[in-house]
Each structure stands twice: as structure tokens, then as C-alpha cells.
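Student:
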Amino acid sequence: MDSSKILDFSQVTLRFGGVTALEDVSFGVKSGELFAIIGPNGAGKTSIFNCINGVYKPQAGSVLFEGKEMIGERPVNVARQGVGRTFQNLGLFMNLDLIDNLLLGRHLKMKTGFFSGALWWGRAKNEEIKNRKKVETIIDLLELQPYRYQPVGLLPYGIQKRVELGRALSMEPRILLLDEPVAGMNLEETEDMARYILEINHELGVPILLVEHDMAMVMDIADRVMALDFGQTIATGIPKEIQDNPLVIAAYLGEAS
Amino acid sequence: MSNPSKDLKVRYQQDLMLWRTPLLRIGLLTLIALYILSPIIWETFPVTKFLSDVGLTMTTLNYAGVFAVGAIGLNLLTGYTGQVSLGHSVFVGAGAYFTAYAGTTWDLPFLIWLPCSLLVGFLIGFIVGPLALRLRGNYLVVVTLGLVFLGDHIFRNWKSVTGGSTGVSVTGASLKIGSIDFRNLEIFGHEFEKSQSFFWLIWGFVAIVALLVKNIVRTRPGRALQAVRDRDIAAEIIGVDLLHYKTMAFAISSSIAALAGALFGVLQSFISPIDFGLLVAIQYIAIIILGGMGTIHGSIIGAFVLGSLPRFVENISRDYDLPGVSGDEGGIGGMISISSLNHIIYGILIAAFLLLEPRGIAGIWMRVKTYFKTWPFSY
Numbered sequence: 000m001d002s003s004k005i006l007d008f009s010q011v012t013l014r015f016g017g018v019t020a021l022e023d024v025s026f027g028v029k030s031g032e033l034f035a036i037i038g039p040n041g042a043g044k045t046s047i048f049n050c051i052n053g054v055y056k057p058q059a060g061s062v063l064f065e066g067k068e069m070i071g072e073r074p075v076n077v078a079r080q081g082v083g084r085t086f087q088n089l090g091l092f093m094n095l096d097l098i099d100n101l102l103l104g105r106h107l108k109m110k111t112g113f114f115s116g117a118l119w120w121g122r123a124k125n126e127e128i129k130n131r132k133k134v135e136t137i138i139d140l141l142e143l144q145p146y147r148y149q150p151v152g153l154l155p156y157g158i159q160k161r162v163e164l165g166r167a168l169s170m171e172p173r174i175l176l177l178d179e180p181v182a183g184m185n186l187e188e189t190e191d192m193a194r195y196i197l198e199i200n201h202e203l204g205v206p207i208l209l210v211e212h213d214m215a216m217v218m219d220i221a222d223r224v225m226a227l228d229f230g231q232t233i234a235t236g237i238p239k240e241i242q243d244n245p246l247v248i249a250a251y252l253g254e255a256s
Numbered sequence: 000m001s002n003p004s005k006d007l008k009v010r011y012q013q014d015l016m017l018w019r020t021p022l023l024r025i026g027l028l029t030l031i032a033l034y035i036l037s038p039i040i041w042e043t044f045p046v047t048k049f050l051s052d053v054g055l056t057m058t059t060l061n062y063a064g065v066f067a068v069g070a071i072g073l074n075l076l077t078g079y080t081g082q083v084s085l086g087h088s089v090f091v092g093a094g095a096y097f098t099a100y101a102g103t104t105w106d107l108p109f110l111i112w113l114p115c116s117l118l119v120g121f122l123i124g125f126i127v128g129p130l131a132l133r134l135r136g137n138y139l140v141v142v143t144l145g146l147v148f149l150g151d152h153i154f155r156n157w158k159s160v161t162g163g164s165t166g167v168s169v170t171g172a173s174l175k176i177g178s179i180d181f182r183n184l185e186i187f188g189h190e191f192e193k194s195q196s197f198f199w200l201i202w203g204f205v206a207i208v209a210l211l212v213k214n215i216v217r218t219r220p221g222r223a224l225q226a227v228r229d230r231d232i233a234a235e236i237i238g239v240d241l242l243h244y245k246t247m248a249f250a251i252s253s254s255i256a257a258l259a260g261a262l263f264g265v266l267q268s269f270i271s272p273i274d275f276g277l278l279v280a281i282q283y284i285a286i287i288i289l290g291g292m293g294t295i296h297g298s299i300i301g302a303f304v305l306g307s308l309p310r311f312v313e314n315i316s317r318d319y320d321l322p323g324v325s326g327d328e329g330g331i332g333g334m335i336s337i338s339s340l341n342h343i344i345y346g347i348l349i350a351a352f353l354l355l356e357p358r359g360i361a362g363i364w365m366r367v368k369t370y371f372k373t374w375p376f377s378y
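Same order as they appear, the protein sequences are chains V and R. Per numbering that gives the first Met the number 0, the first sequence starts with residue 0, numbered consecutively. Per numbering that gives the first Met the number 0, the second sequence starts with residue 0, numbered consecutively.
#1: Mind checking which residues open and close the alpha helix (DSSP H) that includes D99(V)?
#2: Nearest-angstrom Cα distance between D191(V) and E65(V)?
#3: DSSP beta-bridge partners for T19(V)?
#4: Note down the Cα distance separating R219(R) from G238(R), rounded to an integer number of angstroms.
#5: Spatial neighbours of F191(R) within its chain, please: C-beta separation below 6 Å, excluding the five flanking residues on both sides.
#6: Could I get the ranges of all uninterrupted alpha helix (DSSP H) runs contained in the region 108 to 193 of chain V, with 4 residues as the minimum, in chain order?
#7: So, with DSSP's three-state summary, where would you put H189(R)?
#8: DSSP state of L107(R), grouped into three classes?
#9: Relative to the C-alpha of H87(R), which residue among I315(R), I281(R) and S336(R) is closest?
#10: Hey, is P74(V)'s beta-carbon within less than 9 Å of any beta-carbon in chain R?
#11: By the criterion of Cβ-Cβ separation under 7 Å, what are the contact partners of E127(V) in chain R?
#12: So that I know if they touch, is there some Cβ in chain A lying closer than 9 Å to that of N94(V)?
#13: Using a threshold of 9 Å, state whether the C-beta atoms of M214(V) and Y251(V) are closer than that.
#14: Using a Cβ-Cβ cutoff of less than 7 Å, which residues in the same chain neighbour G382(R) once the five nearest sequence positions on both sides are dropped?
#15: Does any CB atom of chain V fall closer than 9 Å to the CB of G171(R)?
#16: Under 7 Å Cβ-Cβ, which residues of chain V neighbour E235(R)?
#17: For R84(V), list the residues DSSP reports as bridge partners.
#18: Please say whether F303(R) and A95(R) have beta carbons closer to each other than 9 Å?
#19: Is there a Cβ from chain V that is less than 9 Å from the Cβ of N214(R)?
#20: Check whether the region 223 to 240 of chain R touches the region 83 to 94 of chain V, taking contact to mean three or more Cβ pairs, one atom from each stretch, closer than 8 Å.
#21: Using beta-carbon positions only, say whether R310(R) and T59(R) come within less than 9 Å of one another.
#22: Please report the straight-line C-alpha distance between E22(V) and V212(R), rounded to a whole angstrom.
#23: Which residues in the same chain as E58(V) place their Cβ atom closer than 6 Å to its Cβ, once the five residues preceding and following it in sequence are excluded?
#24: Check whether the Cβ atoms of A285(R) and I349(R) sit closer than 9 Å, and answer yes or no.
#25: In terms of residue numbering, what span does the alpha helix (DSSP H) encompassing D52(R) cover?
#26: Just the C-alpha distance for K26(V) and I237(V), rounded to the nearest angstrom, thanks.
#27: How long is the line joining the alpha carbons of A257(R) and G81(R), rounded to whole angstroms?
#28: Got a sec? Which residues, its chain only, sit under 8 Å from G121(V) by beta carbon, not counting five neighbours each side?
#29: Residues in the same chain with beta-carbon distance under 7 Å from K175(R), minus the five sequence neighbours each way, listed in chain order, please.
#30: Pull up the distance between the alpha-carbon of R274(V) and that of L203(V), whole angstroms please.
#31: Please identify the residue among I98(V), T235(V), S9(V) and L95(V) whose C-alpha is closest to the C-alpha of I70(V).
#32: Tell me which residues share the same chain as V54(V) and place their Cβ nearer than 7 Å to its Cβ, disregarding the 5 neighbours each side in the sequence.
#33: Kindly list the residues whose CB is nearer than 6 Å to the CB of N74(R), restricted to its own chain and excluding five residues on each side of it in sequence; keep chain order.
#34: Got a sec, what are the start and stop residues for the beta strand (DSSP E) S228(V) sits in?
#35: DSSP state of S37(R), grouped into three classes?
#36: Can at least three beta-carbon pairs, one atom from the region 123 to 132 of chain V and one from the region 171 to 187 of chain V, be found at a separation below 8 Å?
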């Protein structure tokens, strides 16, 4: 095994009944890398995330995160290892405000239980203040200052996507899985998001696994790209190689016969 | 007029305060004053005497307090964690029957049987809780509905403890803390009636439970519960253990319900299975819908309104001879009896609130507050 790989996804096969969602898919994310997965709808991109997160249990293969096997672990334990994630169609807690959503990202970093929480004075209060300060740095980083006390369900879609990124970030993740962070966004919002993603990757040094449809953005920001079609890897390499790969072009545009 | 900069917060502590504004603090002081003075002045002070005359007697307020405690428990489970439970009355019943047995047959002192009844409620909730991990939404409602029938069966047939369908007396349960006996309260040589001393006892518990639950919901465990309600899969992926939080939500909710049951038992002196049936479970649901799901003050307001409504309706229909309504309990001499009229009003209120204001009275209050805060602008 290559020890520079922080995430080693190797020879994973996932089936639902007779449908093969992933077939013998392998890739690795190196530390500090921004690795992107592209592919048409239904190619199995989100399934890869669900395999890492412990939501799905693949029939074969292994997913090593920092040398530890993630397959068979409960999602909670995967989160404990430091895997942060955002969802394609938003996984926010819509009735809670921005602060609460970000503090929920820090759930595993906090300790207050039902008993000390109910008593409030002392430990619970100190922890609230300490973590509130941490959350404020993320609000600063993602420029979310105007929305602190608003229920996130009332925020515009573009902002919600950013809040979700913030929540994943407040977990202090050792790897970040981003599922279509710019889906449905306009050009300006996309550029903002790309800037935040690069900032997180470069400044904070968090390795990122990105699933995205926006080809222009992926080619601009990713270090390496894997193209997926019908659950199979068709190519892995630097963006330029992928762009010129005839198989990738065929998968996206259809066969030029 | 008001100086906006004086509301500027410079420390996070200020953001975390419960009684943030001067107005809220005045409200708190008023509530404390009402708590201490109400039993003394209720039947003499003109305003409260009027309320008492139309049905809001001390005893009615005491029942409302019991409902408030139970409703806070249900709101923690249903309003905050999103687990709709129709079985709340069973947990209430468990607390009440335990009190009857531990207080009478075992003759335990107040400060022993009370925590024990909380523990009994906790354990029952802890056993039922994990069911919610596999069942969601409607399915959980049906299972908890089954719980009501199961509970009813046990209450009717475990005769040595529950006294069967006829019920059991709770008058033997001690209510003594040191030299203070709530059954026979005497302060500075002045003897108080049971309804007066029970007001202090019950509403004291309302205050304690409200504060503790409010603290839970504004800290880490409460946020986790609300995350489970809003998006359980996303909650799990950020590290919220669903089994733990769903189980604890049931356990704590049912332990609070058991406390409400214990208070109900000593207040009513006699309990029977009919006090813990499906109607009571629906009443608790009605309270939190009317008061406001996912709010603590809503549970108390809802309990206050729905707890005093039946007495109020009774009084009105007795005094003013409503058309079609019989003044008699059995419904003789009219189309419907007072108790059916009450049920009809309950039903209409639940339907109306769900349709028009799903966030309950707390939601209306919120809207009024926002209106005045932003006046004369609409935003």
C-alpha cells in the first residue's frame, strides 16, 4: 500500500440486487490533494461516498482511511475517524439557525451530555462559549456573518450550500467529501464556492474528495481527476489527460461513430 | 426612542443568556411573584377572583401544572426529536401507579419515591426507545398506539398493584420534605388548604422541569435531538449516534411523564385506568400542538389553555344555558353533554391549529413579537 495515500479506495464492488453500482473501483487520495470524481448521472459517484461513510456496505473491496478499514463501520464511527461530508441535495437541519448547524458539526468535538447540559452552569456553558468561538472562525472564513441567527431553511440555496460546507468544516475533518457543491448555482456563486474550496484545501491543508458535474470548475481546481461511467473507472489522471481522453469524451458526449 | 447600540452584544455569554432583555427579566420577576403570591391572593384579589369564578380555580391551575410537566416531556420527544408518540399516557400512568404503590404499600418517604418514580419512567422509556430506531413516522405512531392498549391491559389486570378497573388510592403517599408537609402546609402558624400548597409543589416542579429541559435543548444533546428530527441521516454522518439519542429522548421524556403521573396521582388522590387512556394521550398531543411544537413555553401555555378550558366551558354552559347543550353530565335535556362539547372543542382546536398555525400559540406570539420589533416596517 502506498503510505502517502490518506484514503485508499481499492477494488470496491457494490451491488443492489442485480444492479451493479460500482464495479472494481479503485483510487487513492494523497494527503493535501484535491481529488475529483466526474461522471454522468447514475455513474456511481455518490455511491462511492456512501461506501466511505458506512451508509452502504460494498460486497467486495476495502476502504482504508489513514490505514483503518471503514467498510462495516457505522456512519458515526466513520465520522469519529474524521471524515466530513456534504450532501448533493443538502443535509442541513433546516429549522435550526446557522450557529446551531455549525455547532452540530462540532458534535464530536464536544462532550456535554444530557446531565451536564441540563445543569448548564459550569461545564456546559464553558463548552458552548469555547466552541462558539471556533464556529466564528468558520463564519469568517466562509463569509457567513449576516446569517448567524437565521433558520437555515430560510436562507437562499447558494448560502445553504455554503453553510453545509461550513458544517462539514467545523468537524475539523481529516478529509472532506464534497458531493456536488456547486450544483444548481450560478456562475458567481460557483466561483465563490471554488474559491472557498481552494482556500480550505490550500490554507487548511484538508484533503478533499470532490464529486461534481461542473466540468469547467473541476478541471480548474482539481489536482487529479477520476472519470466514472456505469460504475466503472474509465480513466484517472491530471485534468488535462482526462479532458483529452477519448473514453471520457465518449461517455459524456456519446460515441462519435 | 430606544437606543439600538445598547443591545450590542460584546461577549458570547450575553448571547447565551436565557433572560436576555430587560423586558424578559421583568416577565421572569412577574412570574416568580405570581408563583409565590397566587395561592394566597387567588380567591380574594378582584381579578383572580373573577378568573376563579369562571372556572380557573386553584385546583384547575394545579391540573394545568401537571399537564404542563407531562407536556414538556412529550415536547422533548415529539417537538424536539420528531418522534411522534401516542403512548405518553402510559408513561404518565406508570409514574402514577408506582407512586400509589411505593407511597402506600411500601410507605416510602417523598424524597425516595419521587426519584424512584422518575427512574421507573426512565427505564420504561429506555426499553421502548430503541423501537424508534427501526420505526419512523406513521409506523412509530401505530406502535406507540399499541402501547396505550398494552398499558391499559396491564393497569386493569395487575390488580395487586393497580387495583384493577376500579383503581387505587394515592392518599397514602407522603409529601413531606423535612418538616414541610404539602398535604398539611403550615407557615408561621397559618394553615393552607391542599389546593394552595399543591400549587406551590406542582408549579415548582413545572419551573424546575422547564429549566432543565430548556438547558438540554440549548446545549449539545438538545441540538443533536433536533438534528435527528430535521435530517437523521445527515445527523449520523456528522457523528450523532441515533440509537443513543433516540433512546435517551424516550427515556427522559417518559421519566418526565412519570413525574407528571406522580403529581397527578397525589393531586387527584385516586387513580384508575381511565386516567391514562387514549383520550389522555391525545390530550397531551393536543397540548403541544396548540402550545407550539419544539418550544418549552409553548408546552406550558398549551397545558394552561387546554387544562382550564374544560372547566371554563362547564361554567359557561351552566351559567348561560347554551342551546343544545345539556347542563347535566349525562346529556339529559340537550343534544350533547358538556364533556362531549369539550371533546368537540378539543378536536376543532387541534384541526384549526394544524391548518392555520402549525407552530401553535408560541408561533403566534413569535409573529406578534416580530411585528412590534420591526414596526413600522414589515421586515
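Quick reminder that beta carbons are idealized off the backbone N, C-alpha and C, glycines included.
Tutor: In terms of the structure at hand:
#1: In the first sequence, counting from the first residue as 1, residue 99(V) sits at position 100. Start and end: L97 to G104.
#2: In the first sequence, the residue the question calls residue 191(V) occupies position 192. In the first sequence, the residue the question calls residue 65(V) occupies position 66. Answer to the nearest angstrom: the Cα atoms are 30 Å apart.
#3: As a first step, residue 19(V) must be located in the first sequence, where it is residue number 20. Bridge partners of T19(V): R14(V).
#4: For the purposes of this step, residue 219(R) is taken as residue 220 along the second sequence, with counting starting at 1. For the purposes of this step, residue 238(R) is taken as residue 239 along the second sequence, with counting starting at 1. Their Cα atoms are separated by approximately 12 Å.
#5: Here the question's residue 191(R) lines up with position 192 in the second sequence. Cβ neighbours of F191(R) beyond the five flanking positions: L184.
#6: 113 to 118, 122 to 140 and 156 to 169
#7: Here the question's residue 189(R) lines up with position 190 in the second sequence. If DSSP states are grouped into helix, strand and coil, H189(R) belongs with the strands.
#8: Mapped onto the second sequence, residue 107(R) falls at position 108. Note: L107(R) maps to coil in three-state DSSP.
#9: Within the second sequence, the letter at position 88 stands for residue 87(R). The shortest Cα separation from H87(R) among I315(R), I281(R) and S336(R) belongs to I281(R).
#10: Counting from 1 along the first sequence, the entry for residue 74(V) is found at position 75. Closer than 9 Å to the CB of P74(V) there is at least one CB belonging to chain R.
#11: As a working mapping, residue 127(V) is identified with position 128 in the first sequence. Going along chain R in sequence order, the residues near E127(V) (Cβ under 7 Å) are L15 and T218.
#12: Looking for chain A here will not work: the only protein chains present are V and R.
#13: Here residue 214(V) corresponds to residue number 215 of the first sequence, with the count starting at 1. Here residue 251(V) corresponds to residue number 252 of the first sequence, with the count starting at 1. Yes.
#14: Since the first residue shown for chain R is 0 and the last is 378, residue 382(R) is missing from the structure and cannot be characterised.
#15: Translated into positions along the second sequence, residue 171(R) becomes position 172. No - not a single Cβ of chain V is within 9 Å of the one on G171(R).
#16: Sequence index remark: in the second sequence, residue 235(R) carries index 236 (1-based). Near E235(R) (Cβ distances below 7 Å), the residues of chain V are P74 and V75.
#17: Here residue 84(V) corresponds to residue number 85 of the first sequence, with the count starting at 1. DSSP lists L176(V) as the beta-bridge partner residues of R84(V).
#18: Here the question's residue 95(R) lines up with position 96 in the second sequence. Here the question's residue 303(R) lines up with position 304 in the second sequence. No.
#19: As a first step, residue 214(R) must be located in the second sequence, where it is residue number 215. Chain V contact via Cβ: present.
#20: yes
#21: As a position in the second sequence, residue 310(R) is number 311, starting the count at 1. As a position in the second sequence, residue 59(R) is number 60, starting the count at 1. Yes, these two residues count as a Cβ contact at 9 Å.
#22: Taking the first sequence and counting its residues from 1, the one referred to as residue 22(V) is at position 23. Taking the second sequence and counting its residues from 1, the one referred to as residue 212(R) is at position 213. Near 49 Å, if we compare the C-alpha coordinates of V212(R) and E22(V).
#23: What you label residue 58(V) is simply residue 59 of the first sequence in a count that begins at 1. The residue asked about is misnamed: residue 58(V) is Gln in this sequence, not Glu. Same-chain partners within the cutoff: T12 and R14.
#24: For the purposes of this step, residue 285(R) is taken as the residue at position 286 of the second sequence. For the purposes of this step, residue 349(R) is taken as the residue at position 350 of the second sequence. Yes; because the gap between Cβ atoms is below 9 Å, this pair is in contact.
#25: Reading the second sequence from its first residue, position 53 is the one you call residue 52(R). It spans P45 to D52 - the alpha helix (DSSP H) in which D52(R) sits, taken as one unbroken run.
#26: Here the question's residue 26(V) lines up with position 27 in the first sequence. Here the question's residue 237(V) lines up with position 238 in the first sequence. Just to set this straight, residue 26(V) is Phe in the shown sequence, not Lys. In a straight line, the C-alpha of F26(V) is about 13 Å away from that of I237(V).
#27: In the second sequence, the residue the question calls residue 257(R) occupies position 258. In the second sequence, the residue the question calls residue 81(R) occupies position 82. About 20 Å.
#28: Looking up residue 121(V) in the first sequence gives position 122. So the qualifying residues of the chain are S115.
#29: Position 176 of the second sequence, counted from the start, is the residue given in the question as residue 175(R). Result list for K175(R): P108 and F109, in chain order.
#30: An answer regarding residue 274(V) cannot be provided, because it is not within the stretch 0 to 256 covered by chain V.
#31: Counted from its first residue, the first sequence places residue 70(V) at position 71. Checking every option, the nearest Cα to that of I70(V) belongs to S9(V).
#32: The residue you call residue 54(V) lines up with position 55 of the first sequence. For V54(V), the CB contacts under 7 Å within the same chain, skipping 5 residues up- and downstream, are P74 in chain order.
#33: Along the second sequence, one-based indexing puts residue 74(R) at 75. Around N74(R): I287 and S298.
#34: Position 229 of the first sequence holds residue 228(V). Checking the displayed sequence, the identity of residue 228(V) turns out to be Asp instead of Ser. Unbroken beta strand (DSSP E) run through D228(V): R223 to D228.
#35: Counting from one through the second sequence, the residue named residue 37(R) turns up at place 38. If DSSP states are grouped into helix, strand and coil, S37(R) belongs with the helices.
#36: no
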